[in-house]
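The structure under discussion appears below in the form of structure tokens.
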Amino acid sequence: MNAAADPVRDLLDFIDASPTPWHAVAETVRRLEAAGFRGLEESEPFALGAGDKVYVVRGGSTVIAFEIGTEPPSQAGFRMVGAHTDSPNLR
Numbered sequence: 000m001n002a003a004a005d006p007v008r009d010l011l012d013f014i015d016a017s018p019t020p021w022h023a024v025a026e027t028v029r030r031l032e033a034a035g036f037r038g039l040e041e042s043e044p045f046a047l048g049a050g051d052k053v054y055v056v057r058g059g060s061t062v063i064a065f066e067i068g069t070e071p072p073s074q075a076g077f078r079m080v081g082a083h084t085d086s087p088n089l090r
């Protein structure tokens, strides 16, 4: 589904797939990978470069995702968004 075409339906689909924080992380990872993100292991060294789209899962109930810009943050700035599903849960 194209989320831009029906954002309400997309949100409802996400909530249906996410009765717990662990399910929410799994659904988020599925969507990130569909959007071209790749997973990293915190315990392994990794190198990042301009344009990389990556995520890390911690403990199965936390996901951190980011995209490295192509311009220096001092020129382009940066944006950050946070959310949580732990209390109350989405259901």
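Quick note on numbering: numbering that gives the first Met the number 0 labels position 81 of the sequence shown as 80, and the sequence is numbered without any gaps. The C-beta atom is built at its ideal place from N, Cα and C for all residues, glycine as well. For clarity, every value in this text was computed on a predicted model and none was experimentally measured.
As assigned by DSSP and simplified to three states, the class of residue i
i            : result
arginine 57  : strand
glutamate 41 : coil
alanine 49   : coil
glutamate 66 : strand
threonine 27 : helix
Beta strand (DSSP E) segment containing residue i, residue limits
i          : result
leucine 10 : No beta strand (DSSP E) holds leucine 10; the alpha helix (DSSP H) holding it covers 6 to 15.
Endpoints, the alpha helix (DSSP H) within which residue i is located
i            : result
arginine 78  : No alpha helix (DSSP H) contains arginine 78, which DSSP labels as neither H nor E.
histidine 83 : First-last for histidine 83: undefined, no H or E at that position.
Residue i versus the options, residue with shortest Cα-Cα distance
i            : options                       : result
serine 60    : Ala49, Arg37, Glu26 and Asp9  : Glu26
glycine 68   : Asn88, Thr84, Gly50 and Gly81 : Gly50
glutamate 70 : Gly48, His22 and Asp9         : Gly48
Between the segment 4 to 18 and the segment 31 to 41, are three or more C-beta pairs nearer than 8 Å?
no
Are the segment 35 to 43 and the segment 68 to 82 touching by the rule of at least three beta carbon pairs closer than 8 Å?
no
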